[in-house]
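Here the structure is laid out as structure tokens; the discussion comes afterwards.
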């Protein structure tokens, strides 16, 4: 089922409070048309994820239920929903960090699942990387940022460095791409700010040149100005590399700014999806309308108290 399926006009627009988004412009409309023609890189087929806290049926929590979706190569796909709706669990399943109870996930035809031997883990890493809201969890606190990224570069050097470039040269290239200043490279994770650490995490993810970059609330712990710079950087890299991005967030304004296509989740299911401008300006599902109304009310309160 194509993720770019047109959304039929429904309820009146409730986009007040959402910053103007480029999909309304000619350039973005052209990008959406190109997505129609692009091959699908992510395939999620009837996926269910259940968490078990005990042996009994009542100790089971269904986080994702029967979700199917495809994402086109090079797309900017967003997923919105309330906390606990299953969006992060879906992203972790696509990353191969948790197992699915039913269904199948594939990236560029390669089945995604946890575990496997070294070859399977390498294949998975080269297809998908993930950035979360706690980048410090990606780094060994006993090693510098340079050492941590150099380790990833060394593991994948057989594929990426036919010319046998020095690992430090490759790391320097990555750090410069993400805007991490040279004086920070030899620091330890706890010595960096949140924004600096997220840049380092992005460099680490890009070290394997993944086809898909998954973003799980990557800027929720940052202030607004740093958040905007990090997301602009990610989008700049996406355009330069052709990487497909999937952003999960409860922040509708953020998703509106940096996504072409959006899915709305409620209680483990996708209840609406389509071009972001259509979904956010003419929502069909009651839950989508509720999220937009709540976002608008919060924006009004912020404006009144700022």
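In the numbering used here, the protein residues as written are 54 to 359.
Beta carbons: idealized from backbone N, C-alpha and C, even for Gly.
Exercise for review: State the DSSP-derived secondary structure class of residue 249, mapped to helix, strand or coil.
Suggested key: helix
Point to revise | Which residues DSSP lists as bridging residue 161, in chain order | key: In DSSP, residue 161 forms no bridge with anything.
Review point. Which full runs of the alpha helix (DSSP H) of 4+ residues lie inside the stretch 80 to 156, going along the chain?
Key: 140 to 147
Review point. What residues in its chain sit with their C-beta under 6 angstroms from that of residue 151, if we drop five residues either side in the sequence?
Key: 145
Exercise for review: Please go through the stretch 231 to 279 and give each complete beta strand (DSSP E) segment of 3 or more residues, from N-terminal end onward.
Suggested key: 265 to 269
Practice item. Select from 166, 141, 159, 284 the residue whose C-alpha is nearest the C-alpha of residue 149. Key: 166
**Study point:** Three-state secondary structure assigned by DSSP to residue 190
**Key:** helix
**Study point:** Nearest to residue 271 (by Cα), restricted to the options 295, 304, 261
**Key:** 304
**Study point:** Extent of the continuous beta strand (DSSP E) run through residue 302
**Key:** 297 to 302
Check your understanding: If you run the structure through DSSP and keep just helix, strand and coil, what is residue 225?
Key -> helix
Point to revise | DSSP bridge partner residues for residue 346 (one or two, in chain order) | key: Partner(s): none; residue 346 has no beta bridge.
Check your understanding: Rounded C-beta distance between residue 101 and residue 119? I'm assuming under 8 angstroms.
Key -> 6 angstroms
Exercise for review: Could you check how far apart the C-beta atoms of residue 259 and residue 230 are, in whole angstroms? I think they sit under 8 angstroms.
Suggested key: 7 angstroms
Practice item. Report the rounded CA-to-CA distance for residue 279 versus residue 125, giving the unit in angstroms. Key: 29 angstroms
Exercise for review: Measure how close the beta-carbons of residue 181 and residue 147 come, nearest whole angstrom, since I'm counting them as under 8 angstroms.
Suggested key: 7 angstroms
Check your understanding: Is DSSP giving residue 282 helix, strand or coil here?
Key -> helix
Check your understanding: Just how far apart, CA to CA, sit residue 285 and residue 277?
Key -> 12 angstroms
Practice item. For residue 179, collect the residues of the same chain with a Cβ closer than 6 angstroms to its Cβ; drop the 5 residues on either side in sequence, then sort them by chain order. Key: 261
Practice item. Take residue 348 as the anchor and find which of 263, 251, 333 has the nearest alpha-carbon. Key: 333
Point to revise | DSSP bridge partner residues for residue 325 (one or two, in chain order) | key: 317
Check your understanding: When the Cα atoms are used, what is the spatial distance from residue 345 to residue 283?
Key -> 24 angstroms
Check your understanding: Can the beta-carbon of residue 264 be found less than 9 angstroms from the beta-carbon of residue 188?
Key -> no
Practice item. Compute the distance between the beta-carbons of residue 257 and residue 301, then report whether it is under 9 angstroms. Key: no
Exercise for review: Kindly identify the DSSP beta-bridge partner or partners of residue 183.
Suggested key: 267
**Study point:** Given 8 angstroms, three or more beta-carbon pairs between the stretch 153 to 160 and the stretch 322 to 329
**Key:** no
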